[in-house]
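Residue numbers (my numbering): 63 to 816.
So the structure is just underneath, and the comments pick up after that.
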């Protein structure tokens, strides 16, 4: 019967694991279909995509077909602050086109306002102040206006030269400034077909006199949720008309303005929306540009951006205006005019650089179109991802429950590597951007659940042992014991261990000043931080006795360094008490001081108690001495006090002998010590002071009262001395001078209280 039950449990466990795996697969499939979108998955896909882009951008090749004329800090310094006079811009265009032979000049700049003539402004001021002169001045004004109309002069320069002016689109229907270039085509020209694209309601264009004489294109990229530019719409809709992007417009002008034709997939309904590609057609041009839904093209970043990145040649606009360039530097090339000057605010956040020049974004798009190299998320990616999720999820859900933990790991790794490899090959070889994060997370989720469930189901006997010891032993040590449970038992035994007692001084007074709830929080916070220190030093928490803590080292796991660990824990508890007091003061609660006693010796350790309640604890004289040491710390004004066997067991620490005492319950005197710190941290001055203190103790025990008092006063302000310790020995010397002890006095102090 028991075998049948075991078999049934095993089958039920595997069925449950399969069910959970299929459930996780269903959740992932719903995410792919858009019913359970998850922002984390989307950000992970961005991360994977960005890492690949950065990898490709590390070793760029200079694109000789595109030159960026940079309105940089040098140009602003030599020519003047932006905006420049229109005659300077006209000179720049003439220099680039007429002398240097640029194929096209694209301005990643908007000329949104007309240029005001200082002469005309002066005449208008005169007329305003002296109306009687208006008739005489009007003729002069007309002559000056015709002669110094810089906008009209720039328009004449644009009229017969290959120039593209940029502008921007916005979503504010009331923000309509400047002029738009002619649209490529209208929605009505598509007939019943629907073109899925970004739609805009406003624009900020160039002044009409300039835009009328040049081609144009909008700058707008697509900024993803994380503020990063990864794609740009090649065409966009405004007022049921379609306009070209700045990159597309510049490339078309360089190619002689071929016709733009959206190509729809065959066999799709009229309202499908997505196009297969944007075709550029003319007698000399036949170029196909694949696009994603929304007419988006991804920016194929060639470099990390900027004049020194190596992707494109940058030349200063000041050098162009100065005639420093030769025709072979520019002739036949596409020239983009933009800025890297931080003050002109044209730096974009991109996957390869958080401060990427905006003009270089357009350069990358043009390079991609010229090379025919695209990164594209195809329309079928959702269906392909859905099939992948189902296949991977079902394979893992039905396979992993049948395998051991090792084989499960190997299978999961094989699936992960396969998915990443295929996905990477499709990206680098075919330019396909296929989401992969949801598949990777699905593999990890199914594997982690399967391993966790297998561990819980197959480690029951070991966990029973862990649960048993967990009632007595610190959880931090239980996992170490579980690795070899046969070595440990609850039977009592005698061992050399180190015990620690800690107590809050004056806790009764503290408790009377707090409300019950405050007192509970107060003591809980104190016990928590002190217990964490004990456990972090591999100690075993024995019990709490009100505000007191008892712990020991060396059992159940034997540790040759038990005395040193206890000493370090005691010092750390004093240091933590200082930090705790800062938090208590901030809450206007009373501060605390603690005394810690540690002692090393033979102790009985094991499962002790009654039939009603038992505990894993320690007993013996060495334990009692540790408790007494904690009780007399306040007498000597020290935070930590150690017994002689602890001092002998920790040669790496320096201790100060405080006294020789007989504590209550013991007839033999013992020397008591305070730890000063690790020996390697002691300075020569510290050692010298300790030697002087030891000389004082010898004088005191030899009843050399005046000499010992002088020695004590010499040490009054040393690191070894605290006010309580100083006053204690000062009062003893003064007492013994008046009441000399017997001849056989051994210098031992008798304590009659615990």
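By construction, the Cβ of each residue, glycine as well, lies at the ideal position given by its N, Cα and C atoms.
Everything numeric in this text was worked out from a predicted model, so none of it was measured.
- Looking at 747, 479 and 639, the one whose alpha-carbon comes closest to that of residue 564 is 639.
- Its Cα nearest to that of residue 668, the residue 557 stands out among 792, 557, 148 and 437.
- Under the DSSP assignment, residue 430 falls outside any beta strand (DSSP E), being part of the alpha helix (DSSP H) whose first and last residues are 420-433.
- Residue 447 is a Cβ neighbour of residue 497, given a cutoff of 8 Å.
- For the options 98, 758, 225 and 405, the alpha carbon positioned closest to that of residue 139 is the one of 405.
- Distance from the CA atom of residue 629 to the CA atom of residue 566, rounded to whole angstroms, is 18 Å.
- Counting along the chain, residue 146 sits inside no alpha helix (DSSP H), nor does DSSP assign it H or E at all.
- A straight-line Cα-Cα distance of about 42 Å links residue 670 and residue 650.
- Take residue 721, set aside five residues on each side of it, and the residues of its chain with a beta-carbon closer than 6 Å to its own are 734 and 811, in chain order.
- With a cutoff of 8 Å on beta-carbon distance, residue 379 and residue 137 are scored as near each other.
- Three or more Cβ pairs drawn from the segment 76-96 and the segment 455-472 lie within less than 8 Å of each other, which places the two stretches in contact.
- Remark: C-beta atoms of residue 163 and residue 318 do not approach each other more closely than 8 Å.
- In this structure, residue 258 lies near residue 336, with their beta-carbon atoms less than 8 Å apart.
- In the structure shown, residue 389 adopts helical secondary structure according to DSSP, grouped into three states.
- For residue 693, the three-state secondary structure derived from DSSP is helix.
- A straight line joining the alpha-carbon of residue 766 with that of residue 759 spans about 10 Å.
- With respect to the C-alpha of residue 597, the residue from 607, 617 and 265 having the closest C-alpha is 617.
- Per DSSP, the unbroken beta strand (DSSP E) holding residue 563 starts and ends at 555-566.
- Runs of alpha helix (DSSP H) with 4 or more residues, each lying fully within the segment 283-364, are found at 308-316, listed in chain order.
- Relative to residue 307, the option among 718, 169 and 250 whose CA is nearest is 169.
- Of the other Cβ atoms in all chains shown, 16 or more fall within 10 Å of the Cβ of residue 437; this residue is therefore buried.
- Contact check between the segment 261-272 and the segment 229-237: three or more CB pairs, one atom from each, fall below 8 Å, which counts as touching.
- Per the coordinates, the alpha-carbon of residue 489 lies some 12 Å from the alpha-carbon of residue 481.
- Looking at the backbone, the Cα of residue 407 and that of residue 87 are separated by about 46 Å.
- Residues of the same chain with a CB within less than 7 Å of the CB of residue 110, apart from the 5 flanking positions on each side, are 498 and 499 in chain order.
- Contact between the segment 328-335 and the segment 291-300 is absent: fewer than 3 CB-CB pairs across the two stretches fall below 8 Å.
- Residue pairing from DSSP places residue 670 in a beta bridge opposite 677.
- Here the C-alpha atom of residue 284 lies approximately 37 Å from the C-alpha atom of residue 161.
- Counting of Cβ neighbours within 10 angstroms places residue 746 among the exposed residues, the total staying below 16.
- At the C-beta level, residue 659 and residue 695 come within 8 Å of one another.
- DSSP, read as helix, strand or coil, puts residue 596 in helix.
- The shortest C-alpha to C-alpha distance from residue 701 to any of 664, 739, 681 and 731 is the one to 739.
- Per DSSP, the beta-bridge partners of residue 664 are 558.
- Shown here, residue 721 sits in a strand according to DSSP, grouped into three states.
- Here residue 604 carries a strand assignment [DSSP, helix/strand/coil].
- Spanning the alpha carbons of residue 291 and residue 620 requires a straight line of approximately 60 Å.
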